[in-house]
Amino acid sequence: MNHFPHRFYVLILTILVVLTSATAKAQDGMQRWQNFDFAKSALRSADVTGLALEDLTLMRGIVFGRHGRIFKDATIKTYLEAQAWYKANPDFQNSMLNATERNNLDLIRVAEASKHESVQPGDMRYWRTRALPPRKLGKHSGAEWLVLRSEIEAIHGKRFESDAWLQQYFDERYWYKAGKYDPKSLSAIEEKNLATITLAQKRSRKVALAPGDMELFENRLISAQMLHGLSLYELRLLRNEVYARHGRSFQAPWLAQYFFSQPWYQPDDNFKDEQLSGADKSNVETIVAYETKIHDDLSRKPVTRSLLDGLFVEDASQMRQEIYARRGKVFKEPWLQKYFSSFAWYKADPNFTDAQLTDLEKRNIATIAAYEKKAVSAASVIEG
1 MNHFPHRFYV LILTILVVLT SATAKAQDGM QRWQNFDFAK SALRSADVTG LALEDLTLMR
61 GIVFGRHGRI FKDATIKTYL EAQAWYKANP DFQNSMLNAT ERNNLDLIRV AEASKHESVQ
121 PGDMRYWRTR ALPPRKLGKH SGAEWLVLRS EIEAIHGKRF ESDAWLQQYF DERYWYKAGK
181 YDPKSLSAIE EKNLATITLA QKRSRKVALA PGDMELFENR LISAQMLHGL SLYELRLLRN
241 EVYARHGRSF QAPWLAQYFF SQPWYQPDDN FKDEQLSGAD KSNVETIVAY ETKIHDDLSR
301 KPVTRSLLDG LFVEDASQMR QEIYARRGKV FKEPWLQKYF SSFAWYKADP NFTDAQLTDL
361 EKRNIATIAA YEKKAVSAAS VIEG
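Set out below in structure tokens:
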């Protein structure tokens with residue numbers, strides 16, 4: 001027993017030596033890329049094919065790090081902060097990258113995506129020509145599923161004006177170029193991947209319905225129970241989808257943009273809302289009643305923390321602003337004004353003041369505002 005402490009310390013010392021050696025090797029392995037001029041020299045496929053995922057991730061960090069980009073990713077952040085040459089730049093912009101750097105990043109990013117055990121935000125360019133198998137889906141937050149799905153369309157220049165945080169997310173991607181999006185530009189593989197991700201997202205949330213599903217209910221009735229778990233935004237899309245499948249043209253820009261991006265949408269100027277009948281009409285009425293109850297309760301019932309739990313700060317903020325909107329407040333933010341103006345119940349009142357709010361509305365606003373201070377931003381949880 002007298003030898004046990006000695007053996008124990010020898011074991012600990014051996015482990016420390018191995019870890020130190022591994023760290024040193026990792027640093028040595030990256031030394032070549034620290035000395036590589038990504039702004040002037042082009043990488044070859046052979047340069048990245050044999051590298052480990054961790055090395056590829058750090059290599060990507062070096063390219064951006066030369067311009068001072070600040071990363072959320074702890075591994076990249078820690079690595080860069082340990083480099084004498086790294087100078088954090090809060091004002092970093094993707095426009096600082098030249099064409100050679102962008103091409104090098106493309107090569108690195110595709111190599112990274114090929115080595116991920118499950119698909120991650122930022123990987124969908126790799127999957128443009130590959131069918132995404134179920135085993136690669138993994139588990140994701142609601143925001144991550146939305147980013148993955150939207151990324152397929154963003155690659156083709158789609159704008160996301162109805163989701164300010166989502167548009168900002170893609171604006172911050174070096175490869176993104178907003179343009180005139182045509183859903184017909186998606187390949188058969190991309191359409192299949194889009195459907196695969198959408199289905200996985202719905203299953204992960206355990207919701208019975210999601211936007212895009214109303215084709216299945218053209219001759220079947222939905223129930224209020226089936227709408228549980230959907231956001232107000234999704235409920236509105238679901239309701240308008242019933243009309244869109246008959247070719248309705250939409251005046252609200254964000255709705256028009258959304259449905260024009262759906263491959264099944266065919267505008268029909270001859271369609272009139274009053275033509276809706278049967279199950280379609282009943283389903284719209286069910287959704288409207290469900291929406292109305294949620295909206296009205298913002299002014300009639302106390303908002304509880306349990307109702308807010310899980311909401312991103314962007315969603316909570318929009319809910320808080322709706323209390324003001326129902327009193328006619330005119331918003332300074334163009335996208336917010338455009339959003340509420342598209343509701344039939346919204347009546348702009350330039351003379352609105354907070355004094356018009358009831359005590360309950362003020363308490364609900366305070367409850368939501370307090371939640372927003374601790375809520376997570378959808379954009380902050382995704383690096384991409």
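Its first residue numbered 1, the sequence shown is counted upward by one per residue in our numbering. Cβ coordinates follow ideal geometry from the N, Cα and C atoms, glycine included.
Buried or exposed by the 16-neighbour rule on C-beta atoms within 10 Å, applied to Ser150: As a working mapping, residue 150 is identified with position 150 in the sequence shown. Its Cβ being crowded by 16 or more others within 10 Å, Ser150 is buried.
Alpha carbon to alpha carbon, how far is Ser282 from Lys338? As a position in the sequence shown, residue 282 is number 282, starting the count at 1. As a position in the sequence shown, residue 338 is number 338, starting the count at 1. The alpha-carbon atoms of Ser282 and Lys338 are separated by roughly 28 Å.
Selected residue, minimal CA-CA separation from Val284, among Lys332, Leu107, Asn219 and Gln201: In the sequence shown, the residue the question calls residue 284 occupies position 284. Minimum Cα distance to Val284 is reached at Asn219.
Phe151 (DSSP reduced to helix, strand or coil): Here residue 151 refers to the residue found at position 151 when the sequence shown is read from its first residue. This sequence places Glu at residue 151; Phe is not what is there. If DSSP states are grouped into helix, strand and coil, Glu151 belongs with the helices.
Below 9 Å between beta carbons: does that hold for Leu199 and Glu153? In the sequence shown, residue 199 corresponds to position 199, counting from 1. In the sequence shown, residue 153 corresponds to position 153, counting from 1. No Cβ-Cβ contact shorter than 9 Å links Leu199 with Glu153.
Under a Cβ-count criterion, where at least 16 other Cβ atoms within 10 Å of its own Cβ denotes burial, should Leu216 be classed as buried or exposed? Within the sequence shown, the letter at position 216 stands for residue 216. Flag for Leu216 reads exposed.
Which of helix, strand or coil does DSSP assign to Tyr324? Start at 1 with the first residue of the sequence shown, and residue 324 comes out as number 324. Correct three-state label for Tyr324: helix.
Whole angstroms are fine: how far does the CA of Gln120 sit from the CA of Ala99? Looking up residue 99 in the sequence shown gives position 99. Looking up residue 120 in the sequence shown gives position 120. Each residue's alpha carbon lies about 25 Å from the other.
So does the region 316-335 actually touch the region 351-363, counting three or more Cβ pairs closer than 8 Å? yes
So for Thr367, helix, strand or coil by DSSP? Counted from its first residue, the sequence shown places residue 367 at position 367. Three-state result, Thr367: helix.
Would you kindly report the start and end of the unbroken alpha helix (DSSP H) that includes Met59? For the purposes of this step, residue 59 is taken as residue 59 along the sequence shown, with counting starting at 1. Leu53 to Gly65 is the span of the alpha helix (DSSP H), which, as asked, contains Met59.
Leaving out the 5 sequence neighbours to the left and right, which residues in its chain are closer than 6 Å to Leu132 when beta-carbon positions are compared? For the purposes of this step, residue 132 is identified with residue 132 of the sequence shown, where counting begins at 1. So the list reads Asn193 and Thr196, once near-sequence residues are dropped.
Is Leu43 a contact residue of the ligand ADP, with contact defined as CB to any heavy atom under 8 Å? Of ligands this structure carries none, so the ligand ADP is not represented either.
Exposed or buried, which one is Val303 when buried takes at least 16 other CB atoms within 10 Å? For the purposes of this step, residue 303 is identified with residue 303 of the sequence shown, where counting begins at 1. With 16 or more Cβ atoms within 10 Å of its Cβ, Val303 is classed as buried.
Cut-off 6 Å between Cβ atoms - residues of its own chain near Asp268, not counting five sequence neighbours on either side: On the sequence shown, residue 268 is found 268 positions in, with the first residue counted as 1. Same-chain partners within the cutoff: Gly247.
Which residue spans inside the region 107-191 form an unbroken alpha helix (DSSP H) run of at least 4? Uninterrupted alpha helix (DSSP H) stretches at least 4 residues long and entirely within the region 107-191 occur at 142-154 and 164-171, given in chain order.
Just the C-alpha distance for Val288 and Asp296, rounded to the nearest angstrom, thanks. Within the sequence shown, numbered from 1, the residue matching residue 288 stands at position 288. Within the sequence shown, numbered from 1, the residue matching residue 296 stands at position 296. Answer to the nearest angstrom: the Cα atoms are 12 Å apart.
Which term fits Gly65, buried or exposed, when burial requires 16 or more other beta carbons within 10 angstroms of its beta carbon? Position 65 of the sequence shown, counted from the start, is the residue given in the question as residue 65. Per the 10 Å Cβ criterion, buried.
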